[in-house]
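Each residue of the sequence shown is one higher than the last, beginning at 187 in the numbering used here. C-beta atoms are modelled at their ideal positions from N, C-alpha and C, and glycine is treated no differently.
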Amino acid sequence: MVRPESPSADPPPAHDQHGFRGQLEWGQPGVRLLAGRADLVVIVDVLSFSTAVSVAVERGAAVVPYRHRDGSAMDHARSIGAIFASPNRGAPGPTLSPASLVVLRPDETLLLPSPNGSTCALLAAEAGAMVVAGSLRNAGAVGRFAASRGWTTAVIAAGEAWPDGGLRPAVEDLIGAGAILAAFATASLSPEARAAVAAFRDVRDDLAAAIGASASGRELVDAGFERDLPIATELDATELVPVLVDGAFRSWVR
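This is the structure in structure tokens:
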């Protein structure tokens, strides 16, 4: 590997995966690297932001992503007439838990705080890209949506955070990203994207077991929210594509 002679805050141009229509990167650094160059950015946070967005949109609701989990989130929800989704999965009412969102009704608006998925989505929108929430539930639909446009598409595996705040690559997001990228022609994918497709195809026939045995899956089960796993690992459960328009994810209407 070639190393620069002096440290630099900016990645070298070789890292932007130029020349490939389907790209794969990780977390907020990946958004910052690719969103300004890509026409479409797909945010993949399987456990559980993008899965929650998919479930809410399936219920006919709109979802407003919000960066912070502090008191400002609830205040902002009130100011826009939205339902506040607590980041505490054990709280009553709608939360970040996809299973809790079955109470949503059509035309309601849900404000969904998330330091990973929401932040990545908002960063991508600020860079000028069209932003889509992708998960295993809508992987095929999102992949076809992106491929049909012929645009440069950056699929961002959101990942998780280590205790020190560093990015922890999360296998469920790699698998989810691969499921979406599998809809692209292989020749149009970067090597990073092709590796994600390979990861997905390796576990496609046993997604629930693979993700349930992952670090994130075990963490979810240990916290008592194993009910979210069957929802998050249901492949192609919906054809709806949640697109961020005017600050909210809504089902794309052709």
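Could you tell me the alpha carbon to alpha carbon distance between Q203 and D359, rounded to whole angstroms? For Q203 and D359, the distance between alpha carbons rounds to 19 Å.
In chain order, which alpha helix (DSSP H) runs of at least 4 residues are fully inside the segment 260-347? 303-312 and 325-335
Pop quiz: I269 and P280 are said to be a contact at Cβ under 8 Å. What is the actual Cβ separation, rounded to whole angstroms? 6 Å
Give the secondary structure of E358 by DSSP, where H, G and I count as helix, E and B as strand, and everything else as coil. In this structure, E358 counts as helix in the three-state DSSP scheme.
Are at least three pairs of beta-carbons, each pair with one atom in the segment 229-245 and one in the segment 353-367, less than 8 Å apart? yes
According to DSSP, P251 sits in a beta bridge with which residue or residues? L298
If I'm right that V243 touches R387 with Cβ under 8 Å, what's the distance once you round it to whole angstroms? No, V243 and R387 are not in contact; Cβ-Cβ is about 26 Å, not under 8 Å.
Can you pull the DSSP bridge partners for L375? Answer is G208, bridged to L375.
Within its chain, find whatever has a CB closer than 7 Å to the CB of Y252; leave out the 5 residues flanking it on each side and keep chain order. A259, H262, L297, L298, P299 and S304
With distances taken from CA atoms, which of P377, L393 and P278 is nearest G205? P377
Distance, Cα to Cα, L430 vs A394? Separation of L430 and A394 (C-alpha to C-alpha, rounded to the nearest whole angstrom) is 28 Å.
For V230, three-class secondary structure by DSSP: Strand, per DSSP.
Could you tell me whether the Cβ atoms of A221 and A343 are closer together than 9 Å? no
For V389, I'd like the list of residues in its chain whose CB is within less than 7 Å of its CB, leaving aside the five on either flank, ordered along the chain. I361 and A396
Within 10 angstroms of the Cβ of I366, are there 16 or more other Cβ atoms? Answer buried if so, exposed if not. buried
Beta-bridge pairing of F435 - partner residues as DSSP gives them: V249 and L430
Name the one or two DSSP bridge partners that L353 has. Bridge partners of L353: A347.
Would A238 and P292 qualify as a contact pair, given that the criterion is a beta-carbon distance under 9 Å? no
Please determine, among G345, A363 and G433, the residue with the shortest C-alpha to C-alpha distance to G208. Closest option to G208, Cα to Cα, is A363.
Rounded to a whole number of angstroms, what is the C-alpha to C-alpha distance between A200 and V250? 34 Å
Determine whether the beta carbon atoms of R323 and E420 lie at a separation below 9 Å. Contact flag set, yes.
Specify the secondary structure class of R404 as computed by DSSP and reduced to three states. helix
Helix, strand or coil for R413? Go by DSSP, reduced to three states. coil
Among the candidates S240, A277 and A379, whose CA atom is the shortest distance from the CA of W212? A379
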